[in-house]
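Contents: one structure, followed by commentary.
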Amino acid sequence: MQLTRLRWWPLVFLAGCAGPEVSEPINNSEALDASRAAVVYAASHIQVVSDSAIPATGGVASARHENCLVPNQDLNGDGILDPIPPRTQLLIYRGATLRGVCTVVGPSGSPNILMTQTGFRNRVDVDADFDVNGSIDLDLDGNGTDDETNHTLTLPTVRSNFAGAAGANWALPALTTPSVAVVTGGSANSLVELYKPQSAPKVLYTWPHLMENGTLAQLQAMDAATGARTWETLWGAGFNNAQRTHHELDRFHITSANLQHSWPALSLHTGAGGTRMPYAVSFHTHGASCASSIAVRVGGQNGDLEEQSMHRGVAEVIRMAFPDSAFDDGSRITYKWGDCFDGDGPENFVNAASAFSNGIQLEQYFGWITANHDGVQTRGPVVAAAVRSVFDCLSEPADASSAPWYYGNVTSGGTGYHTSGLCPGFIADVDITHAWSAAHSMYPGIQNCPANGGANGRAHVDLYREQTAAGGQKRWYRIGGGRMDYDASCNPTLKVLNTAGIWETNSTLFNPTAADTTVNANQTVRFRAVIRAFKADGTTPLPAFFNVSG
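Each position in the sequence shown, counted from 1, maps to that position plus 1159 in this note's numbering.
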């Protein structure tokens, strides 16, 4: 057995077999720090086992085909065989080719590395390993036995680096770069981490699976439009130039629950002692694994539904970025949990990256986001821009605000807010303080609707309350809002997007609860409204207001 110590990340290279060992159960509290050790196996005995022998992770049954059980190793030179830290990724080479990756989920209890047959086919094999019927049918270890029968495959060409020197020091990922062009233009065998931080980060945007159809275009569009956004950081995991031409999704996909520790830049925000951000977002796409009628699902940590209002608000902004005709085929934007990949698990890296454990996970049907919605631009970048606008409006300072008092009223006075910053809406902050406890009613919308030409206009409103985490991080917690449809007499109808992706008239969900608007005696609370107000044409901005009653 040989050990390679890499700076501080735990990507492990599969080259093969370890000698006899003592099988030990994984104990997270006793396992060596996953951010410190990297392991090289000097030769590879990879044994195909039944699906049930490999644990699934992250609540996703198919993840077992990404996982592997591995022999213990002496990681610190004390003569004791240590379990490899769970959720460490192993890089699998065949000759000079980076063939795949698997995630350690426990000890194998033998000298062999154990994988499911599907996992082996996707992440280890080359075409020559299979007969015309798709079965493993070669004497790969030269012992005269058909490996389709004994299912133990010796692969001496799997190695830790292109030179083939087991135990050689490697700094992997091969590169951490702020350049998307480097991610897409490197070696076909490369493993590249994108990390583009800004000076005052509040939002972490992530693309963990750039081989998923449509996600690279979203990253490229957002990267090109970073501009003055000092509050955002972009992160992505790139395998094989982020291409999807050689079954990269089957070979390199790592479920989100297993991503926290193996990427040096990401672990700055998800690892022990890492710097969490107020907001974190991950972009994913899916194919037949989820219903194609769900164009975009806004998920993430939800707990006891305390984040449902935030997820609904993001879904509404995405929905309003498209004409109704984009949904004539029955597609919908939703924020429903419990069916397909909702991202609710606390081990999901995007939730771990948030100071409030409440990341946003977007699951998008690739057939919908890669289609043109206006004959020019695919829908994916439009979705990304809509999501980004939500957090632009939470990161920029207010366009107008009121000093602390027991009520507050703020108006835009015009439409300059629409072009003065990156947020397309009017940002209004109201500070409420007084000597007694009370709940407060909130009234946002189009300012002086009749006089300003707001008849038959429309506004979208997000209402927030400032919240502070235990570590001092602040965020805007969404407490209400929705769509306001004005009639010819400027009377508004309050609507929200329901979990089926349909607009419904619902003032109860639109208006914040008394608990969310209560300010206790001698307490000061800041509320924020983001109001996107337009004339009937849907594009001409209108003046807006935000009133908090006494």
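Note that the Cβ used here is the ideal one computed from N, Cα and C, for glycine as well.
What's the C-alpha gap between residue i and residue j?
i: Ser1571; j: Ala1618; result: 14 Å
i: Val1569; j: Gly1373; result: 41 Å
i: Ile1519; j: Lys1355; result: 19 Å
i: Gly1604; j: Glu1506; result: 39 Å
i: Ile1205; j: Asn1417; result: 21 Å
i: Ala1383; j: Tyr1524; result: 23 Å
i: Val1457; j: Glu1522; result: 7 Å
i: Arg1538; j: Ala1659; result: 20 Å
i: Glu1625; j: Lys1633; result: 7 Å
i: Val1339; j: Leu1369; result: 11 Å
i: Glu1230; j: Ile1243; result: For the sequence presented, residue 1230 should be read as Pro rather than Glu. Taking the straight line from one Cα to the other gives about 8 Å.
i: Val1440; j: Gly1238; result: 43 Å
i: Asn1281; j: His1405; result: 11 Å
i: Ala1485; j: Pro1540; result: 15 Å
i: Thr1627; j: Cys1449; result: 36 Å
i: Ala1480; j: Met1469; result: 17 Å
i: Leu1668; j: Gly1640; result: 8 Å
i: Thr1147; j: Tyr1438; result: Past the boundaries of the shown model lies residue 1147; the chain is included only from 1160 to 1709, so the question cannot be answered.
i: Lys1495; j: Ser1451; result: 14 Å
i: Gly1259; j: Ala1543; result: 29 Å
i: Asp1646; j: Ala1598; result: 30 Å
Using alpha carbons as the reference points, say which of the options lies closest to residue i.
i: Phe1442; options: Leu1378, Gly1397, Asn1510; result: Leu1378
i: Tyr1252; options: Thr1677, Cys1261, Arg1246, Pro1245; result: Cys1261
i: Glu1371; options: Gly1265, Thr1529, Arg1637, Ala1597; result: Thr1529
i: Ser1211; options: Gly1612, Gln1536, Met1274, Pro1609; result: Met1274
i: Pro1700; options: Thr1677, Met1601, Ala1614; result: Ala1614
i: Ala1695; options: Ser1648, Ser1426, Arg1403; result: Ser1648
i: Gly1526; options: Gln1467, Asn1348, Gly1446, Thr1429; result: Gly1446
i: Gly1489; options: Phe1398, Asn1517, Ala1610, Ala1454; result: Ala1454
i: Leu1408; options: Val1620, Ser1221, Met1469, Pro1214; result: Ser1221
i: Ala1631; options: Ser1554, Phe1515, Ser1579, Asn1607; result: The sequence given here places Gly at residue 1631; Ala does not occur at that position. Closest option to Gly1631, Cα to Cα, is Phe1515.
Helix, strand or coil for residue i, going by three-state DSSP, please let me know.
i: Gly1397; result: strand
i: Pro1563; result: strand
i: Phe1481; result: coil
i: Ala1416; result: helix
i: Ala1587; result: strand
i: Tyr1364; result: strand
i: Trp1510; result: The sequence shown places Asn at residue 1510, rather than the Trp named in the question. It is helical.
i: Arg1691; result: strand
i: Asn1281; result: helix
i: Met1469; result: helix
i: Leu1408; result: helix
i: Gln1520; result: strand
i: Leu1656; result: strand
Quick check on the DSSP output: the beta strand (DSSP E) that includes residue i runs from which residue to which?
i: Tyr1438; result: 1438-1445
i: Val1208; result: 1204-1208
i: Thr1627; result: 1617-1627
i: Thr1256; result: 1256-1266
i: Tyr1354; result: 1350-1355
i: Thr1247; result: Here Thr1247 belongs to no beta strand (DSSP E), and DSSP marks it neither H nor E.
i: Arg1491; result: 1491-1493
i: Gly1639; result: 1633-1645
In terms of residues, what are the limits of the alpha helix (DSSP H) holding residue i?
i: Trp1422; result: Here Trp1422 belongs to no alpha helix (DSSP H), and DSSP marks it neither H nor E.
i: Cys1552; result: 1538-1554
i: Ile1528; result: 1525-1528
i: Phe1669; result: 1666-1669
i: Gln1379; result: 1374-1383
i: Thr1676; result: 1673-1676
i: Glu1342; result: According to the sequence as given, residue 1342 is Val; it is not Glu. Its alpha helix (DSSP H) spans residues 1339-1344.
i: Thr1429; result: 1426-1429
i: Thr1578; result: 1576-1579
Between residue i and chain D, is the shortest Cβ-Cβ distance under 8 Å, so that the two count as touching?
i: Ile1272; result: Note that chain D does not occur in the displayed structure, where there is just one protein chain.
Point to revise | Any 3 or more C-beta pairs closer than 8 Å across the segment 1690-1704 and the segment 1585-1595 | key: yes
Practice item. Take every Cβ of the segment 1360-1367, pair it with every Cβ of the segment 1378-1395, and state whether three or more of those distances are shorter than 8 Å. Key: yes
Point to revise | Sufficient close CB pairs (3 or more, under 8 Å) joining the segment 1476-1493 to the segment 1545-1560 | key: yes
Review point. Quick one: any contact between the segment 1641-1657 and the segment 1672-1686, if contact means 3 or more CB pairs under 8 Å?
Key: In this structure the segment 1641-1657 does not lie against the segment 1672-1686, because fewer than three pairs of beta carbons, one per stretch, are closer than 8 Å.
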